[in-house]
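Below: one structure, written as structure tokens.
Residue numbers (my numbering): 1 to 94.
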């Protein structure tokens with residue numbers, strides 16, 4: 001990664017909502033996969049099991065809970081598709 005995103009948090013582990021499971025420190029883990037040429041804005045949270053597809057952009061202050069396909073602009077809480085992008089930046093969703 002050529003530069004570090006500002007205040008980006010990657011969570012590859014979580015705990016159950018069930019009290020008994022939490023009391024026993026039971027956790028679930030899944031890797032996070034960030035493919036080539038991805039741009040992640042500041043203050044982004046990426047949760048376990050997510051793949052960020054190649055050449056995608058994650059807007060600042062987003063929470064990513066599910067996979068992001070390649071060539072996509074995602075943003076929001078939770079992050080959703082804003083539009084598909086082309087390598088020169090033009091909108092290809094229409």
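Here a beta-carbon is modelled for each residue, glycine too, at the ideal position from N, C-alpha and C. Bear in mind the structure is a predicted one, so any value in this text is a computation, not a measurement.
Beta-bridge partners of residue 57, as assigned by DSSP: Residue mapping note: residue 57 aligns to position 57 of the chain shown, counting from 1. Beta-bridge pairing links residue 57 to 39, 73.
Segment contact flag, the segment 36–55 with the segment 17–27, C-beta cutoff 8 Å, min 3 pairs: no
Beta carbon of residue 49 nearer than 8 Å to that of residue 35: Taking the first residue of the chain shown as 1, we reach residue 49 at position 49. Taking the first residue of the chain shown as 1, we reach residue 35 at position 35. No, these two residues do not count as a Cβ contact at 8 Å.
Cβ pair residue 64, residue 46 closer than 8 Å: Position 64 of the chain shown, counting from 1, holds the residue named residue 64. Position 46 of the chain shown, counting from 1, holds the residue named residue 46. Yes; because the gap between Cβ atoms is below 8 Å, this pair is in contact.
Straight-line Cα distance separating residue 71 from residue 37: Along the chain shown, one-based indexing puts residue 37 at 37. Along the chain shown, one-based indexing puts residue 71 at 71. Linking residue 37 to residue 71 through their CA atoms gives a straight-line distance of about 10 Å.
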